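Remarks on the structure that follows.
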């Protein structure tokens with residue numbers, strides 16, 4: 039699994055470095071350019087969040103593409119690796135890239151804290167924090183985002199394995215339909231059992247309008263139940279993906 043991860047990172051190294059540079063440049067443009075045009079703290083904060091969201095989606099797409107290349111590669115016949123290792127390598131790949139993005143975001147928050155911008159964002163109500171967990175806030179943010187990305191990634195890998203097992207037209211529409219159905223079923227289950235609490239992608243963060251970002255928290259007891267439920271779902275998704283690779287995915 040680690041060999042597959044190393045191969046993916048080495049293969050995509052130039053793209054990853056370029057993506058990190060583009061992200062940093064985009065954030066600098068928002069920070070410096072925003073001051074020049076009088077964008078204000080609210081606009082800069084929302085644009086920064088949108089930028090991170092776009093790059094998080096690109097990371098998911100990149101991890102899914104690496105997974106697709108690996109499971110359809112002729113190398114599967116040459117290297118005796120189990121399907122679970124392909125799934126695990128793709129999940130680690132996505133987590134690694136998201137962790138790097140979190141480091142960049144953490145450095146930006148430290149910069150905001152040092153120059154007083156973070157305090158202004160909270161005092162003016164641009165950023166609203168409702169945090170009830172016993173975990174320290176920075177650790178909680180990192181955990182929530184990484185868990186949310188892991189949960190979504192397992193679902194996307196299952197959808198990708200199903201799509202690559204089909205030899206019909208309109209596979210993209212089928213994949214989109216699967217994502218919508220699975221998301222709706224999981225959301226309905228969480229609404230029914232946990233009152234809507236969940237760790238969906240970027241959970242805990244929402245842009246209420248163009249000038250407000252809210253990070254709500256949940257009671258720790260309810261949160262533990264949600265994570266246990268989603269852990270079971272993740273295990274089921276991983277198992278189904280591995281079975282699909284073994285039985286259905288075509289090798290080219």
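Numbering (our numbering), first residue to last: 39 to 290.
Even for Gly, the Cβ is constructed at its ideal location relative to N, Cα and C.
Source: prediction; values computed, not measured.
Which whole-angstrom value describes the C-beta separation of residue i and residue j, a residue pair presumed to lie in contact below a C-beta threshold of 8 Å?
i	j	result
residue 140	residue 183	6 Å
residue 199	residue 142	With a Cβ gap of about 31 Å, residue 199 and residue 142 do not count as contacting.
residue 123	residue 42	6 Å
residue 138	residue 64	Not confirmed; about 15 Å, so no contact.
residue 132	residue 191	5 Å
residue 50	residue 100	7 Å
residue 83	residue 130	Wrong, their Cβ atoms sit about 31 Å apart, outside the cutoff.
Please work out which residues of its chain come closer than 6 Å, Cβ to Cβ, to residue i, disregarding the five sequence neighbours upstream and downstream, and give them in chain order.
i	result
residue 196	275, 278 and 279
residue 209	201
residue 135	97
residue 162	none
residue 39	123, 126 and 127
According to DSSP, simplified to helix, strand and coil, what is residue i?
i	result
residue 275	helix
residue 166	strand
residue 159	helix
residue 172	coil
residue 56	helix
residue 208	coil
residue 201	helix
residue 153	coil
residue 248	The predicted model places residue 248 with a pLDDT of 44, which falls under 50 and marks its position as unreliable; any figure quoted below should be read in that light. Coil.
residue 80	helix
residue 39	coil
residue 46	helix
residue 109	helix
residue 71	helix
residue 120	coil
From residue i to residue j, what does the alpha carbon distance come to, in whole angstroms?
i	j	result
residue 153	residue 110	50 Å
residue 121	residue 46	16 Å
residue 228	residue 266	12 Å
residue 156	residue 166	11 Å
residue 145	residue 281	41 Å
residue 73	residue 148	19 Å
residue 126	residue 76	46 Å
residue 68	residue 285	48 Å
residue 107	residue 273	23 Å
residue 188	residue 175	20 Å
residue 79	residue 88	14 Å
residue 211	residue 203	14 Å
residue 262	residue 215	30 Å
residue 81	residue 181	26 Å
residue 86	residue 70	12 Å
residue 205	residue 102	19 Å
residue 66	residue 226	40 Å
residue 232	residue 264	7 Å
residue 54	residue 222	32 Å
residue 213	residue 207	12 Å
residue 44	residue 173	32 Å
residue 95	residue 52	19 Å
residue 48	residue 230	44 Å
Keeping to the same chain, check which residues put their C-beta closer than 8 Å to that of residue i; ignore five residues upstream and five downstream.
i	result
residue 60	none
residue 93	57, 61 and 139
residue 217	193, 194 and 197
residue 269	none
Who are the near neighbours of residue i in its chain, counting only those whose CB is closer than 7 Å to its CB and skipping five residues on each side?
i	result
residue 271	224
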